[in-house]
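Enquirer: My questions will all concern the structure given below.
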Amino acid sequence: MTAAPTPIAAPITQDVLTIPRKAPVGDRVNLVGLTRDGLREALIAAGTPEKQAKMRAGQIWQWIYQKGERDFGAMTNLAKSYRAQLDEAFEIAVPEVVSKQVSLDGTRKYLMRIAGGHEVEVVYIPEEDRGTLCISSQVGCTLTCSFCHTGTQKLVRNLTAGEIIGQVMVARDDLDEWPRPGEGSGERPRLISNIVLMGMGEPLYNFENVRDAMKIAMDGEGIAISRRRITLSTSGVVPEIARCATEIGCMLAVSFHGTTDEVRDRLVPINKKWNIATLLDALRVYPKASNSERITFEYVMLKGVNDSDEDARRLVKLIAGIPAKINLIPFNEWPGAPYERSDWARIERFADIIYKAGYASPIRTPRGEDIMAACGQLKSATERERKSRAEITAEAGLRG
Ligand code: SAH
Ligand code: SF4
């Protein structure tokens, strides 16, 4: 079974490859990433009688997403002959771990290989009361934010839904998080309690695949992570923002980073297409925004660029009326980066101004810095082909 390729809707500034969303690997169709309906249809196409298909799809779904099973032969509530039939037509394939690094602070960074030999990075961040998995939506990114390592990677392609949810499944394998035989759900605390789409790529430029994958993550008969514990971060793809609420229902974070168009144009070039006023208009009418479901404004702290008292005051003025919290991210450096992290005292002063204006203003603790796993440091090691420092500096509108 093949599906039509999903084009990337972004203004394409780098090489972009697309592959079918649900590409069969070898001759067998991969079931991972299909929606419930898609799974049912695939079973019918492979000879499952229509009358049984819904029930069979439900059973197989639970094996794959609730128990983490990859072998049809072990699906004991299905007839042996049917298991053999499934094995001939289908596979349960997830990305392959190429390497794993564990930081001194416990953060784990995985390099995962997907079809075509491309690689994406996935980061697991354990905290006292929760664990967050940071997943990727694209190989590289078509956008070129000047402070982001991923934005310097030239090769880009959209991930399939299977490759997106596959990252969660592989991390669960590594953390030994699937229920053990005889173990009920909820017996052990969840290691992956939260998912953030903050790895490589712009999730709203790969909307359908991200949506299908997150629906699987939220499904109560599967991985079962609440929609409120999943956050999609966008650089500001205005026409797609509302769909995050209406079609996925997860939480929204917006990479704001600048309080004037002049500065934001340089940091987040998509601002030239949809500027601050247009972005804020979209957020003001965002379907799900409420005091219990605030929009997160991410703000990277860059020394001497966007970190003045005036910026902080302008920021709170701009977002007035939007149920919001502001997440300050100390800049994470990478080789050749044209910026420096703001001093700690400056970040605290900035946070204080925002806090006094009535907004929560947590400062994100950099995690996994020793293994380059922090926000914005991700970039496949095998795709090192990078823009030169001069190119990055020129694009950032800075003097070399
Ligand atoms: N493309 C999406 C999601 C991935 S980036 C987006 O841009 O929102 C996740 C977050 O990390 C974004 O807020 C991004 O601006 C931030 N980020 C990127 N590079 C960074 C860096 N070097 N230091 C700190 N934060 C960075
Ligand atoms: Fe892409 Fe986000 Fe990095 Fe910008 S910050 S280049 S949108 S991954």
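Here the working numbering is used: the first residue of the sequence shown is 1, the next is one more, and so on. Glycine included, each C-beta is placed from N, C-alpha and C at the ideal position. Every value quoted in this text rests on a predicted model; they were computed, and no experiment measured them.
1. Among residues of its own chain, excluding the 5 on either side of Gly151, which ones have a beta-carbon nearer than 7 angstroms to its beta-carbon?
2. Sorry if obvious, but does the Cβ on Phe147 come closer than 8 angstroms to a heavy atom of ligand 1?
3. Can you tell me whether DSSP reads Gly116 as helix, strand or coil?
4. Taking the beta carbon of Ser81 as the centre, do at least 16 other beta carbons fall within 10 Å, making it buried, or is it exposed?
5. Where Glu96 and Val263 are concerned, what is the direct C-alpha to C-alpha distance, given to the nearest angstrom?
6. Check whether the Cβ of Thr296 lies closer than 8 angstroms to any heavy atom of ligand 2, and answer yes or no.
7. Which residues mark the beginning and the end of the alpha helix (DSSP H) in which Gly131 is found?
8. In chain order, what residues of the same chain lie with their CB nearer than 8 angstroms to the CB of Leu267, ignoring the 5 residues before and after it?
9. Quick one: does the C-beta of Val268 sit closer than 8 angstroms to a heavy atom of ligand 2?
10. Taking Cβ positions, are Ala401 and Val32 nearer each other than 9 angstroms?
11. Please determine, among Tyr124, Ser255, Gly184, Val196, the residue with the shortest C-alpha to C-alpha distance to Asp461.
12. Could you give the DSSP three-state label for Pro239: helix, strand or coil?
13. CB-CB under 8 angstroms to Ala242, same chain, minus the five flanking residues each way: which ones, in chain order?
14. Given Trp274, which residues of its chain have a CB within under 7 angstroms of its CB, disregarding the five upstream and five downstream residues?
15. Rounded to whole angstroms, what's the CA-CA distance from Leu232 to Val122? Just pull it up for me.
16. Does the stretch 192 to 201 come into contact with the stretch 73 to 92, if we say contact requires no fewer than three beta-carbon pairs (one atom in each stretch) closer than 8 angstroms?
17. Tell whether a beta-carbon distance below 9 angstroms holds between Ile114 and Leu86.
18. Which ranges would you report for the beta strand (DSSP E) in the stretch 306 to 380 if only whole runs of at least 3 residues count?
19. Can you tell me whether Pro330 sits near ligand 1, meaning its C-beta is under 8 angstroms from at least one heavy atom of the ligand?
20. Just tell me which of Glu333, Asn332, Arg313, Ala337 has its CA closest to the CA of Ile326.
21. Looking at C-alpha atoms only, which residue of Thr365, Ile354, Ala42 is the closest neighbour of Arg341?
22. When the Cα of Ala357 is compared with those of Gly321, Ile371, Glu183, Ala224, which residue comes out closest?
23. In three-state terms, what does DSSP make of Phe90?
24. Residues in the same chain with beta-carbon distance under 7 angstroms from His118, minus the five sequence neighbours each way, listed in chain order, please.
25. Would you kindly check if the distance between the Cβ of Gly368 and the Cβ of Ser103 is under 9 angstroms?
26. Do Glu202 and Arg188 have their C-beta atoms within less than 9 angstroms of each other?
27. Which stretch, first to last residue, makes up the alpha helix (DSSP H) that contains Glu262?
28. If we require 4 or more residues per run, which alpha helix (DSSP H) segments fall completely within the stretch 206 to 237?
29. Going by DSSP, what residue range makes up the alpha helix (DSSP H) through Glu41?
30. Between which two residues does the beta strand (DSSP E) containing Lys272 stretch?
31. Am I right that Pro330 and Ile363 are in contact with their C-beta atoms under 8 angstroms? What's the rounded C-beta distance?
32. With 16 as the cutoff for other CB atoms within 10 Å, does Ala84 come out buried or exposed?
33. Does the beta-carbon of Ser255, which I'm using as the reference point, lie nearer than 8 angstroms to any heavy atom of ligand 1?
34. Return yes when the Cβ of Val98 is within less than 9 angstroms of the Cβ of Met200, no when it is not.
35. What does the alpha-carbon distance come out to for the pair Trp344 and Phe350?
Expert: Looking at the atomic coordinates:
1. Cys141, Leu143, Thr144, Cys145
2. Phe147: yes, Cβ under 8 angstroms from ligand 1.
3. helix
4. exposed
5. Between Glu96 and Val263, the C-alpha separation is close to 40 angstroms.
6. Relative to ligand 2, Thr296 has its C-beta separated by 8 angstroms or more from all heavy atoms.
7. Run containing Gly131: none in the alpha helix (DSSP H); it sits in the beta strand (DSSP E), 131 to 134.
8. For Leu267, where only same-chain residues beyond five positions count, the Cβ hits under 8 angstroms are Cys145, Ser146, Phe147, His257, Gly258, Val300, Leu302, Val305, Asn306, Ala396.
9. Correct: Val268 has its Cβ closer than 8 angstroms to ligand 2.
10. Residue 401 lies beyond the range of the chain shown here (1 to 400); nothing can be said about it.
11. For the chain, the structure presents residues 1 to 400; residue 461 sits outside this window and is missing.
12. DSSP places Pro239 in helix when its eight states are reduced to three.
13. Ala282, Val285, Tyr286, Pro287
14. Gly236, Val238
15. 15 angstroms
16. no
17. no
18. 324 to 330
19. yes
20. Arg313
21. Nearest of Thr365, Ile354, Ala42 to Arg341, Cα basis: Thr365.
22. Gly321
23. When DSSP states are grouped into helix, strand and coil, Phe90 belongs to the strand group.
24. Val139, Arg157
25. yes
26. no
27. 261 to 267
28. 207 to 218
29. That run of the alpha helix (DSSP H) goes 36 to 45.
30. Per DSSP, Lys272 belongs to no beta strand (DSSP E) and is neither H nor E.
31. 7 angstroms
32. exposed
33. Checking the Cβ of Ser255 against ligand 1 gives yes.
34. Going by C-beta atoms, Met200 is not nearer than 9 angstroms to Val98.
35. 10 angstroms
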